[in-house]
Amino acid sequence: MPSAFAGTVPPTATGPGYGHQPWQPRPASRTAGLGIVAFVVAAIAGILAPVLGAVAGFAIGEGLGAELGDVPATADFDLAILAPVRGLVLVAEITFWAGTVFGIWGLTQGIIAAVKGQGRAWAIAAIVVATLGPIVYGTLVYVLLFLGVAAGAISTLPAS
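Start counting the sequence shown at 1; every next residue gets the next number (this note's numbering).
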């Protein structure tokens, strides 16, 4: 066997010493797409649906305000009073159910994005917006419905 001179023997791979982890490739960078989509969907549920529902609620209230002036205070409530505004009631109902579907979607996707770390800040914002969406919807529709009733009732008062 020939003798080995310095520089003629190829280096051998050695294992890591104590306290060192073996080399691992970097994990693939994760995009924030999942969190951004969750936020957009939650924004539809928490912002757009309540605004559309509130506009419909005001119009419903305005239509009812004119009708309620003709009903005696002792009369039972008859759902036929909603007949003139049935199209608007349908719009309010559609915004409610669409907001519900988008809110559940945004909440679920936001939780998944936060757990996976794909757009965590967007995902947390989506979770907050989707969670507060029903409260915002109910409050806006309630307030604007009764403002509409007041506006409709005032419009039926005789001119002075």
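From the three backbone atoms N, C-alpha and C, an ideal C-beta is built for every residue, glycine too. Everything numeric in this text was worked out from a predicted model, so none of it was measured.
Legend entry - Segment contact, 8 Å Cβ cut-off, at least three pairs: the stretch 35 to 42 with the stretch 114 to 124: Short answer: they touch.
Inset, instruction - Specify the secondary structure class of Arg30 as computed by DSSP and reduced to three states. - result: coil
Legend entry - Beta-carbon proximity of Gly46 to Gly103, cut-off 8 Å: yes
Legend entry - Three-state secondary structure assigned by DSSP to Pro84: helix
Inset, instruction - Give the straight-line distance between the Cα atoms of Val71 and Gly133, rounded to the nearest whole angstrom. - result: 35 Å
Legend entry - Own chain residues within Cβ distance below 7 Å of Ala98, not counting five before or after: Ala49
Legend entry - Cβ-based neighbour list, Phe58, same chain, cut-off 8 Å, excluding 5 preceding and 5 following: Leu144, Leu145, Leu147, Gly148, Ala151
Legend entry - Contact under 8 Å by Cβ, Ala42 with Ala121: no
Legend entry - alpha helix (DSSP H) segment containing Val71, residue limits: That residue, Val71, is in no alpha helix (DSSP H); it is neither H nor E in DSSP.
Inset, instruction - Name the residue from Thr31, Leu64, Phe39 whose alpha carbon lies nearest to the alpha carbon of Thr156. - result: Leu64
Legend entry - Candidates Ile135, Ile112, Ile44, of which the one nearest Val101 by Cα: Ile44
Legend entry - Straight-line Cα distance separating Leu107 from Val128: 8 Å
Inset, instruction - Can you tell me the Cβ-Cβ gap for Val66 and Val141, rounded? I've got them flagged as a contact below 8 Å. - result: Going by the sequence as given, residue 66 is Ala instead of Val. 19 Å between Cβ atoms; not a contact.
Legend entry - Outcome for Ile154 when other beta-carbon atoms lying within 10 angstroms are tallied against a minimum of 16: exposed
Inset, instruction - Work out the CA separation of Val40 and Ala126 for me, nearest whole Å. - result: Between the alpha carbons of Ala126 and Val40 lies a distance of about 8 Å.
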